[in-house]
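Undergrad: Protein chains in written order, with this note's numbering: chain A, 33 to 290; chain B, 701 to 1013.
Here a beta-carbon is modelled for each residue, glycine too, at the ideal position from N, C-alpha and C.
Values in this document were obtained by computation on a predicted structure and should not be read as measured data.
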Amino acid sequence: MSDDRVTPVLETRGCTVSYDLTHEALHPVDLSFEQGGTTALIGPSGCGKSTFLRCLNLMNREIPRCRVGGDILYHGENVNSTDVDTFELRKSIGMVFQQPTPFRKSIRENVLFAPKRHGVTDKAVLDELLETSLRRAAIWDEVKDKLSRSALALSGGQQQRLCIARTLAMRPDVVLLDEPCSALDPISTFSVEETIRDMAADGICVVIVTHNMEQAARVSDRTAFFYMGQMVECGPTERLFASPADSRLEDYLTGRFG
Amino acid sequence: MADVTSVPSQAVRAARHARRIAAQDRFATGVLTAIVGLVLAVLVAIVGYILVNGAGKLFDVSFLTSKPEQFRAGGGIGPELFNSFYLLVLTLVISVPVSLGAAVFLAEYAPDNAATTVAKTAIETLSSLPSIVVGLFGFLFFVLQCGWGFSILSGSLALTMFNIPILVRTIQQALEAVPRTQRDAGLALGLTKWETTIHVLLPAAMPAIVTGVVLSAGRVFGEAAALIYTAGQSAPALDFLNFDLTSASCPWNVFRPAETLAVHIWKINSEGVVPDLEAVSNGTAAVLMVCILAFNLLARWAGKAIARRLTAE
Ligand SMILES: Nc1ncnc2c1ncn2[C@@H]1O[C@H](COP(=O)(O)OP(=O)(O)OP(=O)(O)O)[C@@H](O)[C@H]1O
Ligand SMILES: [Mg+2]
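(1) Should E160(A) be counted as a contact of ligand 2 given a C-beta to heavy atom distance under 7 Å?
(2) Which residues, taken in chain order from the region 867-899 of chain B, show a beta carbon closer than 7 Å to some beta carbon of chain D?
(3) Quick one: using the 10 Å Cβ neighbour count with 16 as the cut-off for buried, is R720(B) buried or exposed?
(4) Inspect the beta-carbon positions of R194(A) and N142(A) and report whether they are closer than 8 Å.
(5) Shortest alpha-carbon distance to Q933(B) belongs to which of L997(B), V798(B), E959(B), V761(B)?
(6) Name the two residues that bound the continuous beta strand (DSSP E) containing Y106(A).
(7) What I want to know is whether the C-beta of Y809(B) ends up closer than 7 Å to one or more non-hydrogen atoms of ligand 1.
(8) How would you list, in chain order, the residues of chain B whose beta-carbon sits under 7 Å from the beta-carbon of A146(A)?
(9) Report yes if the CB atom of R97(A) is closer than 8 Å to the CB atom of D52(A), and no otherwise.
(10) With respect to the beta strand (DSSP E) encompassing E265(A), which residues constitute its N-terminal and C-terminal limits?
(11) Using 7 Å as the cut-off, classify the Cβ of Y51(A) as near or not near the heavy atoms of ligand 1, replying yes or no.
(12) Could you pull the start and end residues of the beta strand (DSSP E) that Y786(B) belongs to?
(13) Could you tell me if E211(A) is buried or exposed, where buried requires 16 or more neighbouring beta carbons within 10 angstroms of its beta carbon?
(14) Given a cut-off of 8 Å, decide if S180(A) and S113(A) are closer than it, judged by their beta-carbon atoms.
(15) Determine the extent of the alpha helix (DSSP H) in which F763(B) is found, giving its start and end residues.
(16) Could you tell me which residues DSSP puts in a beta bridge with L58(A)?
(17) List, in order along the chain, the chain A residues whose C-beta lies closer than 8 Å to that of R904(B)?
(18) Tell me whether S82(A) counts as near ligand 1, meaning its Cβ is closer than 7 Å to at least one heavy atom of that ligand.
(19) Consider the C-beta atom of D884(B) and the heavy atoms of ligand 2; say whether any pair is separated by less than 7 Å.
(20) Take every Cβ of the region 758-770 of chain B, pair it with every Cβ of the region 977-989 of chain B, and state whether three or more of those distances are shorter than 8 Å.
(21) Between M291(A) and chain B, is the shortest Cβ-Cβ distance under 8 Å, so that the two count as touching?
(22) Cβ of H59(A) versus every heavy atom of ligand 1: is any distance shorter than 7 Å?
(23) With V224(A) and Q192(A) assumed to form a contact (beta carbons below 8 Å), what rounded beta-carbon distance in angstroms separates them?
(24) Anyone know if the C-beta pair for T71(A) and L58(A) falls short of 8 Å?
(25) Counting only beta-carbon separations shorter than 8 Å, does E14(A) have a partner in chain B?
(26) Going by beta carbon distance, what residues of the same chain come within less than 7 Å of A183(A), once the five residues before and after it are set aside?
(27) Would you say the beta carbon of D234(A) comes nearer than 7 Å to a heavy atom of ligand 2?
(28) Please tell me whether V41(A) has its Cβ less than 8 Å away from any Cβ of chain B.
(29) Between P96(A) and chain B, is the shortest Cβ-Cβ distance under 8 Å, so that the two count as touching?
(30) Does the Cβ of E780(B) have 16 or more other Cβ atoms within 10 Å, making it buried, or fewer, making it exposed?
(31) In terms of alpha-carbon separation, which member of T221(A), D117(A), V157(A), T44(A) lies closest to R250(A)?
(32) So E120(A) contacts chain B; which residues on that side make the cut at Cβ distance below 8 Å?
(33) Less than 7 Å separating the Cβ of I240(A) from some heavy atom of ligand 1?
(34) Would you mind working out which of I965(B), L998(B), V913(B) sits nearest I794(B), comparing C-alpha positions?
(35) Does M127(A) come within less than 8 Å of chain B when only Cβ atoms are used?
(36) Would you call the CB atoms of L208(A) and L85(A) closer than 8 Å?
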């Protein structure tokens, strides 16, 4: 690094995805994500936002016949190669899905299960981790009296915040969120957004897919616009929304399609 | 004039349509209720008949505990009752782990290729194999070829063969019914595929699995055809203080012949000569029936209890 830029936490160079080996669902994408930054991925349905997001924690590898090309650099190291330990990587790159995915376990186990599997055994450490994770996901007050109750008995919004807490309990340095609020009411959405801002403030690199422009404006400092498998335009959120350079983005923002 | 009367107005047509739909609805509901009623009536009649006829013996402790008689009246079904449970437990101990492993492999690990398709089809075919065929195979293989004779071992292996395909299918379906997102969520937390399967998918599928296992236990418990030529048709008197595993009267000896309740019913009805044949047969049927009813209730209860436990209260 000759210039004074810091190495991004995560960076893609010519990242492509194909689901059927013949045509590219995602054309080469170059993007980099910095510590403490929040990037929103927007674009019409089917344009490849989720596809791109799943490249970042190598989740596309779980899809049979899906091929990811190009380089994906995590702290400068290319992880898009077969000899990378995906399980190690996913400990530091967390993911939250569109639908809440609580496990059929107690609230406590939902949060602590993965850290335990990854070798945290000290009871005090675990209790501490449980409380801080739930607090950071803004759900502690609602569940602190029923930690051994089923996570499935929570409301959808609470389940989603629990899933965020579960991700935070891994102490990740990147968190990927795929339309995390699409199944939530406005109040839950507000508290999830609050949590997202807190995560960024804590130095976590956040990447969020959203269909909600106001949400992108509220939580992100940078936005990337995808269109038909292509990353069309990327820049500071305010600038992008105020004066889009690409006409397709302008059409999208004014609601002419998507 | 003719035009006006032959073309009904919009409102008239709508009303006529609504009447027709209502009539259809009433008719369909009536037919379905009648069908369900008929099925229920037949079921209640059978269960009621068996229970009423066997009621006298059902609560008769000496009938439930004493050994059967060959020629005199007053024989019991003690050994048969024990044999039925012993065979069931052995069968489950073998078939549940094997089926679980096979189902997990088929549902989560098996590559999507021709070999897997063949295996799945084979299992589906096996699960509808007539049990008498399984029994005759067991007779040729376990009883004769392996030289284990009519024994608990031969019987429980035949029952295992009968049970495994059914269990594999139920468990596999239970696993496949778990939403894809649960797998992704586990993997996204950095868990391995194995950890995700064992700690996320299995608990999620557990209520359905438990229900499947207990229901299959009911089927195994009432099975006769697969046992006639494998576990045999004689029930040596059992001595529960005998721990000599080679003795025919030791209950735990897996090489002794062991007639079960279902086989006993078949046997006394086809070649029994005891004077109270009918009473014994009815009593045995009632006991068998009650056990299977108990299994079904247990299945529901256990499924719910396990679900509650795993989902924490
Ligand atoms: N598992 C898959 N197998 C095959 N094709 C897929 C798969 N997932 C996505 N695709 C295809 O890739 C393209 C991009 O899909 P993707 O899910 O990334 O869109 P998206 O931008 O997230 O859309 P949405 O806003 O609706 O979630 C689509 O054309 C879709 O059909
Ligand atoms: Mg998507």
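TA: Taking the coordinates as given:
(1) Taking the Cβ of E160(A) as the reference point, every heavy atom of ligand 2 lies at 7 Å or farther away.
(2) The structure shown has no chain D; the protein chains it does contain are A and B.
(3) Exposed, by the Cβ-count rule.
(4) Residue 194(A) is actually Leu in this sequence, not Arg. Here L194(A) is near N142(A), since their CB atoms are less than 8 Å apart.
(5) When C-alpha distances from Q933(B) are compared across L997(B), V798(B), E959(B), V761(B), the shortest belongs to E959(B).
(6) Element bounds for Y106(A): 99-106.
(7) It does not: the Cβ of Y809(B) is nowhere closer than 7 Å to a heavy atom of ligand 1.
(8) Chain order gives the chain B residues near A146(A) as L889, G890, L891, where near means a beta carbon separation below 7 Å.
(9) Closer than 8 Å, so yes.
(10) For E265(A), the uninterrupted beta strand (DSSP E) run begins and ends at 262-268, by DSSP.
(11) Set against 7 Å, the gap from the CB of Y51(A) to the closest heavy atom of ligand 1 is smaller.
(12) For Y786(B), there is no enclosing beta strand (DSSP E); the enclosing alpha helix (DSSP H) has its first and last residue at 778-804.
(13) Result: buried.
(14) Not closer than 8 Å, so no.
(15) Taken as a continuous stretch (DSSP letters only), the alpha helix (DSSP H) holding F763(B) covers 761-765.
(16) L58(A) is bridged by DSSP to V49(A).
(17) First, the amino acid is wrong: residue 904(B) is Ala here, not Arg. Within chain A, the residues near A904(B) are F135, R136.
(18) Because some heavy atom of ligand 1 lies under 7 Å away, the Cβ of S82(A) counts as near it: yes.
(19) Not under cutoff, so the answer is no.
(20) Yes, they touch.
(21) Chain A is shown only over 33 to 290; residue 291(A) falls outside these bounds and no answer can be derived.
(22) No, ligand 1 has no heavy atom inside 7 Å of this Cβ.
(23) Their Cβ separation, rounded to whole angstroms, is 7 Å, which keeps V224(A) and Q192(A) in contact under 8 Å.
(24) Going by C-beta atoms, T71(A) is not nearer than 8 Å to L58(A).
(25) Residue 14(A) is absent from the model: chain A starts at 33 and stops at 290.
(26) Short of 7 Å from the beta carbon of A183(A), and not among the five residues preceding or following it, lie these beta carbons of its own chain, in chain order: P134, F135, K137, S138, I139, N142, Q191, L194.
(27) Every heavy atom of ligand 2 is 7 Å or more from the Cβ of D234(A), so no.
(28) No, no contact with chain B.
(29) Output row for P96(A): interface = yes.
(30) Answer is buried; the Cβ neighbour count reaches 16.
(31) Nearest C-alpha to R250(A): T221(A).
(32) The answer, in chain order, is G890.
(33) No, since every heavy atom of ligand 1 falls outside the 7 Å radius drawn around the Cβ of I240(A).
(34) For I794(B), the nearest C-alpha among the options comes from V913(B).
(35) It does: the Cβ of M127(A) has a partner Cβ on chain B nearer than 8 Å.
(36) Taking 8 Å as the Cβ cut-off, L208(A) and L85(A) qualify as a contacting pair.
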